[in-house]
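Quick notes on the structure that follows.
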Amino acid sequence: MFAKRLLLFSAVVAALGFTSCQQEEEITNKEEASQEVLTQIKALGFSNQNVLKVDGGFVVEGDIFLSNNDLTAAHNTKALRVGEAEQYRTTNLVAVSGSRVITISMDPKLPASYGPALDEAIARYNAEGLSITMQRVSSGGNIAISAAPRSAQYLASAGFPTNGNPYNKVLVAERYIGKSPNTNWFATILAHEIGHCIGFRHTDYMDRSYSCGGGYTNEGASSVGAIQVPGTPAAADPNSWMLACIGSGQNRPFNSNDKIALDYLY
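Numbering (the working numbering), first residue to last: 176 to 441.
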């Protein structure tokens, strides 16, 4: 049983990781990150502990994907608040003029049981009356949900907007999610990853141990921005959909502070 799931993001890709015992089929020959890479990751404002090397980059903090280009690209570090436990956004958001429809598709190769969870995640966003609305399409969505590589060490992954557009994919690891997951739990995971796609960071950005356990961890200065959303609380927020970790089977619909954050941005 997996007691905790990490919900992560990255400068390009956000991932949903896990903390648990490993299954027997887990890969064993994992290439380690060099000291230079670890230094670059730290400079970007992410933890450089337990870094996983994956195709095209690295997964940090259990579920945040950083591409090789992210590690060396020039970044603006001014728009940052290192804070308490507010809702946070990145400097990258979806451009909206009046209103905008974001289409989401799911690869038919994924289990059919995943469909209701996606519908529920979409319904949660659309119930908020935002300037962006989500619409499920059969293929070619602005955000495409598909299978993660079998060797993936996370539950799901997503990313941040670029050029005013949402990040274009969410990868889900059937290996860990299972073929028939609890609908509300998986809807929470998908809504979380979609949140990264439209520009949200973790609510417990200031201290990942709040939802994940372990020691205190503040990400520090970050190149992608960790901007506190006005009107959200400085106190800990235990039920936010953007917390880094989620208990097995847990459901997190938007709470009142999440709704303030969503309404403020969109």
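Glycine included, every Cβ here is placed at the ideal spot set by N, Cα and C. Bear in mind the structure is a predicted one, so any value in this text is a computation, not a measurement.
Roughly how many angstroms separate the alpha carbons of Ser423 and Thr337, rounded to a whole number?
Taking the straight line from one Cα to the other gives about 32 angstroms.
Let's test the definition: count the other Cβ atoms within 10 Å of the Cβ of Glu368 and tell me whether it reaches 16, buried, or not, exposed.
Residue environment for Glu368: buried (at least 16 other C-beta atoms within 10 angstroms of its C-beta).
CA-to-CA distance, Pro291 to Ser280, given in whole angstroms:
Just so you know, the alpha carbons of Ser280 and Pro291 end up roughly 13 angstroms apart.
Got a sec, what are the start and stop residues for the beta strand (DSSP E) Lys228 sits in?
Boundaries of the beta strand (DSSP E) harbouring Lys228: Leu227 to Val229, taken from the DSSP string.
Against chain B, does Phe375 count as a neighbour if the rule is that its beta carbon must be under 8 angstroms from one of theirs?
Protein chains in the displayed structure number just one, and chain B is not present.
Give the C-beta separation of Val235 and Ile216 to the nearest angstrom, bearing in mind that I take them to be a contact with Cβ-Cβ under 8 angstroms.
Your pair Val235 and Ile216 checks out as a contact, with CB atoms roughly 6 angstroms apart and the cut at 8 angstroms.
May I ask you to report which of helix, strand or coil DSSP gives Ile352?
Look at Ile352 here: in three-state DSSP terms it is helix.
Does DSSP put Asp415 in a helix, a strand or coil?
The identity of residue 415 in the sequence shown is Ser, whereas the question assumes Asp. Under the three-state reduction of DSSP, Ser415 is assigned to coil, being neither helix nor strand.
Do you know offhand how far Val212's Cα is from Ala327's?
The alpha-carbon atoms of Val212 and Ala327 are separated by roughly 20 angstroms.
Taking 8 angstroms as the threshold (C-beta atoms), are Ser321 and Asp282 in contact?
Yes, they are a contact pair.
Gly334, DSSP secondary structure in three states:
In this structure, Gly334 counts as coil in the three-state DSSP scheme.
Pull up the distance between the alpha-carbon of Leu365 and that of Ala208, whole angstroms please.
Distance from the CA atom of Leu365 to the CA atom of Ala208, rounded to whole angstroms, is 29 angstroms.
For Ser355, count the other beta carbons within 10 Å of its own beta carbon; 16 or more makes it buried, fewer makes it exposed. Which is it?
By the 10 Å Cβ count, Ser355 comes out exposed.
Distance, Cα to Cα, Pro286 vs Glu303?
Those two C-alpha atoms are separated by around 28 angstroms.
Is it the case that the Cβ atoms of Tyr493 and Gly334 are separated by a distance below 8 angstroms?
Shown here, the chain extends from 176 to 441; a query on residue 493 therefore has no answer.
Which word fits Arg427, buried or exposed, when buried means at least 16 other C-beta atoms lie within 10 angstroms of its C-beta?
It counts as buried.
Contacting residues, own chain, Cβ-Cβ under 7 angstroms from Gln224 (five flanking each side not counted):
If we look at Gln224 and ignore the five residues flanking it on each side, it has no Cβ neighbours.
Need the endpoints of the beta strand (DSSP E) that Gly422 sits in, please.
First-last of the beta strand (DSSP E) with Gly422: Cys420 to Gly422.
For Ala419, does the count of other Cβ atoms within 10 angstroms reach 16, so buried, or fall short, so exposed?
The residue in question, Ala419, is buried, as its Cβ has 16 or more Cβ neighbours within 10 Å.
Selection from Asn340, Thr214, Ile307 and Thr308 that minimises the alpha carbon distance to Asn267:
Among Asn340, Thr214, Ile307 and Thr308, the Cα nearest to that of Asn267 belongs to Asn340.
Per DSSP, Arg275 is paired with what?
Partner(s): Ile307.
I'd like to know whether the C-beta atoms of Thr363 and Gln425 end up nearer to each other than 8 angstroms.
Yes, Cβ-Cβ distance for Thr363 and Gln425 is below 8 angstroms.
Exposed or buried, Tyr289, counting other C-beta atoms within 10 Å across all chains shown (16 or more means buried)?
Answer is buried; the Cβ neighbour count reaches 16.
Own chain partners of Trp360 with C-beta closer than 7 angstroms, once the 5 adjacent residues on each side are dropped:
Same-chain partners within the cutoff: Gly424, Gln425 and Asn426.
Secondary structure of Lys344, DSSP reduced to three states
Under the three-state reduction of DSSP, Lys344 is assigned to strand.
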